[in-house]
Structures are given as structure tokens and as C-alpha cells.
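Residue numbers (the UniProt record's numbering): 1 to 160.
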């Protein structure tokens, strides 16, 4: 099996996973074991989720994945996928938002996420956004502000 070489292949695999899950209960049954989820955030109101062993190999379908999943190595795919995705920090508003959507999506499939899951979102340069839509600085400021003691947080609000 060959790993993906570009973001388009990854996004195609994530989209394919959605249709393959409709055809394969056995594939859906494996979703509760996933440690790291990759989120196609190009449609924020309707994100699509995929996992590294499916999203990171070329041309997988449910049958091929289920036949070979024991031989597939998530470390190889996670290494490649880091070029296209960035990890969300637990406790951030984006993490909470996408974790809630993941939980709801998995519930429709009769599954629930592991207690500790990693969420990776598409890097801005692969979303087709303009620089004005890049929210990384805002997220960083939000995290930093959340770490401040209450009196300093109020002081920051007053300055804004």
C-alpha cells in the first residue's frame, strides 16, 4: 500500500470513508478504536472526519482496509498527514467544537470516540481560505488569555 502524496488524495479518502461506512458495518465497528481523527474543515457547518489508516493510504475502500488493516501502520500515515493537518489543543474552543461534532457523527453510526482522541484540522493553506480567514492567531490569543489569572484577563479586556 502506498501512502498519500498530496492533500487532494487525503480529502478524497476522507470523503470516500463517508460512503464506505454506509456499506460496511464492520468498518463502522472499528471507529471506536481510533486515536487520531483528521477533519476536513472546508465546510465548517458540515465537517467530514477520517482516520489516519484510511485517509493516509491511496485508493482504499472498506473491503481493502478490512482485509489489510493489521498490516497498515498508522505511524507512517500520521507522518505524511502532518504536512496537511495541524493538531488542535484540548481545551480550545475549536477542539470542543469539533469533538462535539465528531461525537454526534459517531453516535449516528452507533459508536463513540475514545476518551482521549487527537483532532487534526486541515491547515489553512489547504482550505482555500484567504489570509483574512486564517484564525490561528486568534486561537493562540484565546489560549493565552485563558491561562491568565482573572484580574489580568479583565485588564486585557479593558485594553481591548
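Note that CB positions come from ideal geometry on N, CA and C, so glycine has one too.
These numbers come from a predicted model, not from an experiment.
- Looking from the CA of residue 81, the closest CA among 50, 155, 117, 113 belongs to 50.
- Runs of the beta strand (DSSP E) lying entirely within the stretch 29-64, each at least 3 residues long, are 36-40, 48-51 in chain order.
- Within the same chain, and ignoring the five residues on either side of residue 21 in sequence, the residues whose Cβ sits closer than 7 angstroms to its Cβ are 27, 28, 109.
- For residue 119, the three-state secondary structure derived from DSSP is strand.
- Counting only residues of its own chain and dropping the five nearest sequence neighbours on each side, residue 142 has a CB closer than 8 angstroms to the CB of 92, 93.
- A distance of 8 angstroms or more separates the beta carbons of residue 117 and residue 86.
- Using a 10 angstroms sphere on the CB of residue 34, the tally of other CB atoms reaches 16 or more, which defines it as buried.
- DSSP places residue 86 in the uninterrupted beta strand (DSSP E) bounded by 85-87.
- Shown here, residue 80 sits in a helix according to DSSP, grouped into three states.
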